[in-house]
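So for the sequence shown, our numbering puts the first residue at 1; every next one is plus one.
All C-beta atoms in this analysis are idealised placements derived from N, C-alpha and C, irrespective of residue type, glycine included.
All figures in this text were calculated on a predicted structure; none of them were measured in a lab.
Shown next, in structure tokens, is the structure this report addresses.
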Amino acid sequence: MDEEEKDDAADTDDSDVSSSPEPCARQTLKAPVEPYIGHLERQRDARCALHALNHALGRPFANDEDMEFAVENVLQTAEHEGSQEKRSDHAAPNGWYSSEVIAAALATTSMRRAGKVEYKMMLRPLYERPEDIHASVGAVVNLDNRHWVAVRSIGGEIWYLDSDRREIASKLTEAQYVALVNKRRAAYPIQWADDMTASLPSASSSADSPCSPVPPLASLDTPSL
Numbered sequence: 001m002d003e004e005e006k007d008d009a010a011d012t013d014d015s016d017v018s019s020s021p022e023p024c025a026r027q028t029l030k031a032p033v034e035p036y037i038g039h040l041e042r043q044r045d046a047r048c049a050l051h052a053l054n055h056a057l058g059r060p061f062a063n064d065e066d067m068e069f070a071v072e073n074v075l076q077t078a079e080h081e082g083s084q085e086k087r088s089d090h091a092a093p094n095g096w097y098s099s100e101v102i103a104a105a106l107a108t109t110s111m112r113r114a115g116k117v118e119y120k121m122m123l124r125p126l127y128e129r130p131e132d133i134h135a136s137v138g139a140v141v142n143l144d145n146r147h148w149v150a151v152r153s154i155g156g157e158i159w160y161l162d163s164d165r166r167e168i169a170s171k172l173t174e175a176q177y178v179a180l181v182n183k184r185r186a187a188y189p190i191q192w193a194d195d196m197t198a199s200l201p202s203a204s205s206s207a208d209s210p211c212s213p214v215p216p217l218a219s220l221d222t223p224s225l
């Protein structure tokens with residue numbers, strides 16, 4: 001056997017194989033990021049509120065017609081209460097909707113489809129109790145009165161869902177999530193409602209009460225930090 005053959009044999013010698021491969025032990029391996037497997041919607045026009053609502057619930061809960069029905073409900077409720085509110089306060093032709101409309105849509109869409117209120121948007125914002133996201137269906141988050149996104153906790157992992165991003169779903173660490181809701185204080189959890197077939201939820205002064213309608217956006221949002 002010449003010298004080259006000896007070298008080849010040495011490369012495949014069983015005596016060189018260790019039961020605990022040292023080279024692998026020295027490598028730093030990153031766990032693969034699991035893809036988001038929930039419901040996702042790509043942005044249409046400025047209908048971020050509709051997409052954020054559906055993302056927060058993890059299902060195609062509402063459509064354009066449902067949101068327009070909720071707008072009319074908000075305006076009729078305001079008129080009944082003696083408040084002169086304009087349609088432009090709550091909706092724009094290209095699909096923007098106010099927080100009041102989102103809250104109303106949770107109730108009116110459920111009542112029209114299921115005959116009961118399935119969800120409620122809570123008045124207590126997430127920055128006051130960030131841990132509430134883990135006991136919620138999801139949450140809608142307003143960004144500077146210009147855009148709506150959603151967050152969801154699935155199996156203890158928090159996902160940020162933005163219909164206007166190329167990557168709609170991205171995972172947040174707990175620290176990133178807390179920073180988000182502390183900066184974007186108009187972040188409201190959506191929870192399962194008790195069977196409320198008798199009537200739609202009304203506004204309440206209790207911080208743990210469903211908010212339908214909720215205070216105007218101008219009073220909910222804080223300036224960008």
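Residue of Asp194, Arg184, Thr108, Ser99 minimising C-alpha distance to Glu65: As a working mapping, residue 65 is identified with position 65 in the sequence shown. With distances taken between CA atoms, Glu65 lies nearest to Thr108 out of Asp194, Arg184, Thr108, Ser99.
Look at the alpha carbon of Ile102 and the alpha carbon of Pro189, and state the distance between them as a whole number of angstroms. For this step, residue 102 is matched to residue 102 along the sequence shown. For this step, residue 189 is matched to residue 189 along the sequence shown. Their backbone Cα atoms lie some 12 Å apart in a straight line.
Could you tell me whether any Cβ in chain C is nearer than 8 Å to the Cβ of Leu106? Absence of chain C from the displayed structure is noted, only one protein chain being present.
Can you look up Tyr127 in the DSSP assignment and give me helix, strand or coil? To locate residue 127, count along the sequence shown from 1; it is residue 127. Assigned with DSSP and collapsed to three states, Tyr127 falls in coil, not helix or strand.
Is it right to say Thr222 is buried, meaning 16 or more other beta carbons lie within 10 angstroms of its own, or is it exposed? Position 222 of the sequence shown, counted from the start, is the residue given in the question as residue 222. Any reading at Thr222 must be qualified, since the residue scores a pLDDT of 30, below 50, and its modelled position is unreliable; the value itself is stated next. A residue is called buried when at least 16 other Cβ atoms come within 10 angstroms of its Cβ; Thr222 does not meet this threshold and is exposed.
What is the DSSP secondary structure of Glu157, counted as helix, strand or coil? Here residue 157 is taken as the residue at index 157 of the sequence shown, counted from 1. Glu157 falls in the strand class under three-state DSSP.
On the DSSP bridge list, what partners appear for Ser170? Position 170 of the sequence shown, counted from the first residue, corresponds to residue 170. Ser170 pairs with Tyr160.
Quick one: what's got a C-beta closer than 7 Å to Val74's C-beta in the same chain, skipping five residues either side? Sequence index remark: in the sequence shown, residue 74 carries index 74 (1-based). Hits under 7 Å: His90, Glu100, Val101, Ala104, Pro213.
Of the choices Glu72, Ser153, Glu128, whose alpha-carbon is the least far from that of Ala169? Translated into positions along the sequence shown, residue 169 becomes position 169. That would be Ser153, whose Cα lies nearest to the Cα of Ala169.
For Ala31, which residues of its own chain have a beta-carbon under 6 Å away from its beta-carbon, when the five flanking residues on both sides are left out? Along the sequence shown, read from residue 1 onward, the residue named residue 31 stands at position 31. Bear in mind that a pLDDT of 46 at Ala31, under 50, signals an unreliable position, so the model cannot answer this.
Terminal residues of the continuous beta strand (DSSP E) containing Val140? As a position in the sequence shown, residue 140 is number 140, starting the count at 1. Residues 138-143.
Measuring straight from C-alpha to C-alpha, what distance separates His245 and Arg59? Missing from the structure shown is residue 245; the chain here goes from 1 to 225 and no further.
Our contact map puts Ser163 next to Cys48 with C-beta atoms below 8 Å; I'd like the distance itself, whole angstroms only. In the sequence shown, residue 163 corresponds to position 163, counting from 1. In the sequence shown, residue 48 corresponds to position 48, counting from 1. Right, the Cβ-Cβ distance comes to about 6 Å (below 8 Å), so this counts as a contact.
Using the three-state DSSP reduction, which class does Ile37 fall into: helix, strand or coil? The sequence position of residue 37 within the sequence shown is 37, counting from 1. Coil, per DSSP.
Considering only residues of the segment 91-126, which uninterrupted alpha helix (DSSP H) runs meet the minimum length of 4 residues and lie entirely inside it, listed in chain order? Counting only runs of 4 or more, we get 99-114.
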